[in-house]
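Heads up, the thing below is written out as structure tokens.
Protein chains: 2
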Amino acid sequence: PKASIAEERKAPSFPIRELTYWIDGDERTTKLKERIMLELERDPLWRVSDHPNLTLAETRERAMSKVRRLADLATSRPLEETMLRMSIISVVDPGFWTRFGVHFGLFFGALQGQATPSQLAYWMDKGAMSMQGITGCFGMTELGHGSNVAGLETTATFDEAADEFVVHSPTLTATKWWIGGAAHTATHCSVYAQLIVKGKCYGTKTFVVQLRDTSTFQLMPGVNIGDLGKKMGRDQIDNGWIRFTHVRIPRSHMLMKHTKVTRSGEVIEPALAQLAYGALIQGRVSMVSDSANVAKRALTIATRYASVRRQFSDGTPGALETKLIDYPIHQHRLLPLMAQTFAMIFTAREVNANYQRLMGVLSELGSDAKGAAVDEAIKDLKETHATSAGLKAFCTWMCLNIIDQCRQSLGGHGYSAYTGLAQAYSDFAVHCTWEGDNTILTLQCGRYLVATALEARKGQPLPANLAYLKAALSKDGSVSTSPCKGSTPEQVSSLDTLKAAWSSVAANAIINAVRDFEAGRAKGLSKDNAYEHSSASRLHAARMHTYTYLLHRFAAQVEQSPEALRPVLTLLAQLFGAHSAVQHSGEFLQSGFYSGAQIEALKTFVNHACIEVRKDAVPLTDAFGYTDYVINSPLGRYDGDVYEKYFELVTSLNPTKPIPYFDSLIKPLLERTNEVETGPELEIDQE
Amino acid sequence: PKASIAEERKAPSFPIRELTYWIDGDERTTKLKERIMLELERDPLWRVSDHPNLTLAETRERAMSKVRRLADLATSRPLEETMLRMSIISVVDPGFWTRFGVHFGLFFGALQGQATPSQLAYWMDKGAMSMQGITGCFGMTELGHGSNVAGLETTATFDEAADEFVVHSPTLTATKWWIGGAAHTATHCSVYAQLIVKGKCYGTKTFVVQLRDTSTFQLMPGVNIGDLGKKMGRDQIDNGWIRFTHVRIPRSHMLMKHTKVTRSGEVIEPALAQLAYGALIQGRVSMVSDSANVAKRALTIATRYASVRRQFSDGTPGALETKLIDYPIHQHRLLPLMAQTFAMIFTAREVNANYQRLMGVLSELGSDAKGAAVDEAIKDLKETHATSAGLKAFCTWMCLNIIDQCRQSLGGHGYSAYTGLAQAYSDFAVHCTWEGDNTILTLQCGRYLVATALEARKGQPLPANLAYLKAALSKDGSVSTSPCKGSTPEQVSSLDTLKAAWSSVAANAIINAVRDFEAGRAKGLSKDNAYEHSSASRLHAARMHTYTYLLHRFAAQVEQSPEALRPVLTLLAQLFGAHSAVQHSGEFLQSGFYSGAQIEALKTFVNHACIEVRKDAVPLTDAFGYTDYVINSPLGRYDGDVYEKYFELVTSLNPTKPIPYFDSLIKPLLERTNEVETGPELEIDQE
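One line per chain: the protein sequences are A and B, in this order. The first sequence begins at 1 in our numbering and counts up by one. The second sequence begins at 688 in our numbering and counts up by one.
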């Protein structure tokens, strides 16, 4: 096996190390990541290979034992390093990442985003950032309410006489549910509740509620908490439920950066409610990176194993069996996923940069600004909000599929808990639900697309990412304005052609959704109901738009890439665009962009691209730059020594022991005689 | 919630009970199933709701404790009842089903299928059927060899002097791997090994090797066994590895129904090697039923929850929020899966009946028969072999997708271990790999399709299920011979039209695969390499053929169904055919069967069908006839009381306990001070 993989590295078509730098951003970042990976690998606290054998209790305790180490590093080391460390941990140990992220990302993030400066100073002084005195959790979802935050049932009623809020769960379905860190860890919670002042409800706001005494960990009066126990994955984080029964908190524990409640019960609402979007976007943007990072690991495992595993020989006597990766069908299974992974890597980078830029603009404007600059920024924010919603949904779905396809490509060994992808699937699956259920996010994205098309028809300028709508809007738009002219595989699959192809299909899909929306309106439906009426085509429009967006971002990054990398990256971008187009060939035929013969040419290109990418398959996984520690799968080892190391791992984690129930269960089974009880003879039967 | 689900049952369009009988086969079978479900539910051994909280050791012991009960029932009760009991257990407790099935289905199945009559009598006498004296496992796969049974490395070398075979694992990769029951349970193993006689290798045959002393459970000399530990799912079964080091067994322990080795080392090979296919087919056929049965459970949970869960209101003050099932997009998520489930239910029934009929014919013929009847039967066998390979692959993939789509449709609650679908996914996933990796089976099916088309062109008659190839073969076949003529949603979606549509697309796909194969041959490739060359189009052909087959079988069952059921079943069959066609619209456009406008009409039909099926959604799940015990999910309860029962289950399984690591980990974290070590002043810095 070692020789099998070594030969894969003999003649890469590109400089591997340079691609690593390009993926990571620059050489410095790569080296910083390598330093962090080494530090984690050498720290016994961070052993992960035995995770499958831990019980739920052990899993949680192991996770807790690492919190302090990371909290200390997070406060003493530069933020950039902490962010990189967390991004590596999100691949190595996603359950722990959540345990830690609930405090730093969600609880402390809520303080940063929603507290006034003096409130933030107060909580930081109490140790809320460094977990010195306070550990936090994030109390949004309820047993009966997930995606519909506006419909939460928990109430926070202002008691003017006492200058306090009374936090209360009025029903069973109001029970806070899925609250990470609530069962075992948190002293405080940022609770989302309906603000009620003088009998009037002002919608969902955020309140800091103390859950436990910080020195005894006893629950505070009126607070009931329970453990949600086992989950599909991420058992490192202790999700719990919380019920509040008339819990009193000072008025100042409502986070008042946006909405304020004065001593006399006056409620002051903010001018720019949209700014609260910012925090939502951040989570979604980061999940595009997560999807890319997790997909890199899955593909490294599957690709390296496929370069080592041999199966069936071509009949030549004495010949080695054929490597899996040399089978065309195996190339078709893995290499389009490789292209998808690169699409996500590069899109994540651009989306992140856009987001940072936008947040910079918004924070410079401040929340009281007015005028054209603000309008522009808000428009930008809406676009980013919608695009990031679509990206979050389709990239997490894409990554979940990549994990499972890679797992299945390992054959039976993919079913072992020690080869890494079974757990990766269970851990990752929640990404499709949290921070916005994917289907709902997709519909939001689709709604934005329809609304933007409608506004553009009224003369509003189109955002850059939707410029492709222009041609479709100027005419009826039901068929492509300029069909593909070429006929050879090369002609139909150039990056420019593919970009035009996807733009035309996305434009078509949006126009179709607009048509369905308008048909609903014409039937007299309300705006919301007309949107419901068009939900299937809206979802489809969001999908087509997101693929188009991914391809454009990928292509833009290819253009900027170092020359030595451009051929392989161009090929991958083409494979992404062409393979996705073949998967959705009906759309292209219906839009008229490609003919049936051109689709066949596109398939030929995909076959060809798979053969070409296959030559670089292992070098491409090397360029992802994950160490064997991060890969954490004997089948994905750099050196290809899969069987020896797999055997060693399995035997060392499962030492032979006497069978505990031989005497009680097996021996009696084997030695039983089962004499049949027939009963006495019955005289009546002999008559 | 109870009222929400009750209103769903007010006006079903069909008699629910009658559909249950039709699904199960007849009223008697339904009642027998109900009796079995009640017996399981009342037997404390069969408690399953606490499974998520058991450790690996507890899980295995719990499973072992049930083996004896089931073995006693299997030997004392009629076979039909045992089969039904096992099919229910495969849904309720799939890991245990495997633990038990390894002995009865695989080990004892190998004896039944491959032992001579006197060998079978010998092993039955030893207690091999009833597990009185012998528990068996099935030793086929190796660390380095899964799908390629012919390439197994374990050897069984005939030692003529001693009249014994010597069973040996020559390398690490020859280690038997994934052997269910080996780690803890089995006394004997049916070992697949290369038969070597007088230096000549005769290929893979089966040998019974004793692993452990039946009274002490000590390993036999030369047998090493280890535990494979944790898996993605099915932890009830103790998979292990086995290494043989020159283990001697009597010659008579080779199973000699087919190939025989005489005392003097003469090897007599059978005339009809194909007959060994039979056992493979049975496993595949039963996995179509399994897929249907597991999908029924997943859809019951998702559909009932969607009829109870409410989310977002339409704005009317005081109105209840809208049920998930009333959102068009939620209907689109679930109801096509409902149609797929019915397609699998009815296909499983027909395929099963065909298989039983064929086995009857073969056993009547006997293994020495010759002549036209045998040729006919073998042809039939090949067709069933290929079709069942495709069905196994696509139905298990379909079911796995249904489970995960249903799980995602539960939102966050789908991620809990107590709502049933996370574990269902992990347990079911192995179906896509074992008994033939799905991709490899698909390619086998595709190879058969290509070969049959080639033979038909030479004048051989087409099997009935491939009759649709006739028109395509008689001409060039690149486009549909008779495009769809209608234009309204009704016209394009009639069952006859859909059957013709799918037949035309499948024919096209097969012709394309033939063309790719022939192009490979024309380039001078060997037959095998030409098949490799066409693997992408072969896989596609198998997919199209299998969808077509499913639709035809579904339609055939609809025609035979009781009149009162026919409208709803017809609609489901149309939804299956139309939704799948829209998903693959490119194929239909390319074949020319549907135009772009007709595809749009088909989409309109799918929207309409979803609205219609939605009215019967809960009654359809009721007709599946699973009790709450089998559903084993608080979200899928018959009475809709989801929140109360979910809360009860979670709190009863996870009682509040003191946090075990508060003193050791949390308190020190909260109370730490992190004084920064600055070191002494350095004089050099002051110079």
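Using N, Cα and C, we set each Cβ at its ideal position, and we do this for glycine too. Since we're looking at a predicted model, the values are computed, not measured.
query: DSSP state of Gly-446(A) mapped onto helix, strand, coil; result: helix
query: Reduced DSSP secondary structure (H/G/I, E/B, other) of Tyr-549(A); result: helix
query: Element boundaries [alpha helix (DSSP H), containing Asn-465(A)]; result: Taken as a continuous stretch (DSSP letters only), Asn-465(A) belongs to no alpha helix (DSSP H), as it is neither H nor E.
query: Within 8 angstroms, strictly: CB atoms of Lys-720(B) and Leu-771(B); result: yes
query: Sufficient close CB pairs (3 or more, under 8 angstroms) joining the segment 1136-1146 of chain B to the segment 337-347 of chain A; result: no
query: Bridge partners - Trp-928(B), DSSP secondary structure assignment; result: Gly-913(B)
query: Rounded straight-line distance, which links the Cα of Asn-508(A) to that of Gly-477(A); result: For Gly-477(A), the pLDDT reaches just 48, beneath the cut-off of 50, and the residue's location in the model is therefore unreliable, although a value from the coordinates is still provided. One C-alpha to the other measures close to 7 angstroms.
query: Neighbour flag for Leu-391(A) against chain B, beta carbons, 8 angstroms; result: no
query: 7 angstroms CB neighbourhood of Leu-19(A) in its chain, flanking five on each side removed; result: Leu-565, Ala-623
query: Three-pair Cβ contact test at 8 angstroms for the segment 9-26 of chain A versus the segment 694-709 of chain B; result: no
query: Continuous alpha helix (DSSP H) assignments of at least 4 residues falling wholly in the segment 960-1022 of chain B; result: 964-993
query: Helix, strand or coil at Trp-865(B) according to DSSP, with G and I counted as helix; result: strand
query: Alpha-carbon spacing of Ile-1298(B) relative to Phe-999(B), whole angstroms; result: 20 angstroms
query: Neighbour list for Leu-1130(B) in chain A, Cβ cutoff strictly below 7 angstroms; result: Ile-329
query: Gly-360(A) in three-state terms, based on DSSP; result: helix
query: Backbone CA spacing between Glu-683(A) and Glu-677(A) [nearest angstrom]; result: 18 angstroms
query: Length of the line joining the Cα atoms of Ala-869(B) and Asp-1114(B); result: 19 angstroms
query: For Ala-541(A) and Ile-924(B), the rounded distance between their alpha carbons; result: 46 angstroms
query: Beta-carbon proximity check, His-545(A) vs Gly-390(A), cutoff 8 angstroms; result: yes
query: For Ser-1191(B) and Glu-1287(B), the rounded distance between their alpha carbons; result: 19 angstroms
query: Delimiting residues of the alpha helix (DSSP H) encompassing Cys-1093(B); result: 1059-1096
query: Member of Thr-874(B), Thr-828(B), Gly-1327(B) whose CA lies at the smallest distance from the CA of Gly-814(B); result: Thr-874(B)
query: Terminal residues of the beta strand (DSSP E) in which Ser-1267(B) lies; result: Unbroken run through Ser-1267(B) is the alpha helix (DSSP H), 1253-1270; no beta strand (DSSP E).
query: Nearest candidate by alpha-carbon position, reference Thr-844(B), set Phe-795(B), Arg-971(B), Gly-890(B), Ile-1012(B); result: Gly-890(B)
query: Glu-695(B) burial status per 10 Å Cβ neighbour count (16 or more: buried); result: buried
query: Backbone secondary structure at Gln-897(B) - three-state DSSP; result: strand
query: For Cys-484(A), three-class secondary structure by DSSP; result: coil
query: Simplified DSSP state of Lys-892(B), which is helix, strand or coil; result: strand
query: CB contact check: Gly-477(A) to chain B, cutoff 8 angstroms; result: Caution applies to Gly-477(A), whose pLDDT of 48 falls short of 50 and renders its modelled position unreliable; the value that the coordinates give is listed next. Output row for Gly-477(A): interface = no.
query: 4 or more residues per run - each alpha helix (DSSP H) lying fully within the segment 482-536 of chain A; result: 489-492, 495-522, 527-533
query: Reduced DSSP category for Gln-819(B) - H, G, I as helix; E, B as strand; rest coil; result: coil
query: Helix, strand or coil at Arg-921(B) [DSSP, three-state]; result: coil
query: Cβ pair Leu-1011(B), Ala-993(B) closer than 8 angstroms; result: yes
query: Whole-Å CB distance - Phe-1037(B) paired with Arg-747(B), under 8 angstroms assumed; result: In the sequence under discussion, the amino acid at residue 1037(B) is Glu, which differs from the Phe named in the question. In fact, because the Cβ distance is near 38 angstroms, the residues do not count as touching under 8 angstroms.
query: Whole-number beta carbon distance between Tyr-626(A) and Thr-300(A), since they are thought to touch under 8 angstroms; result: 6 angstroms
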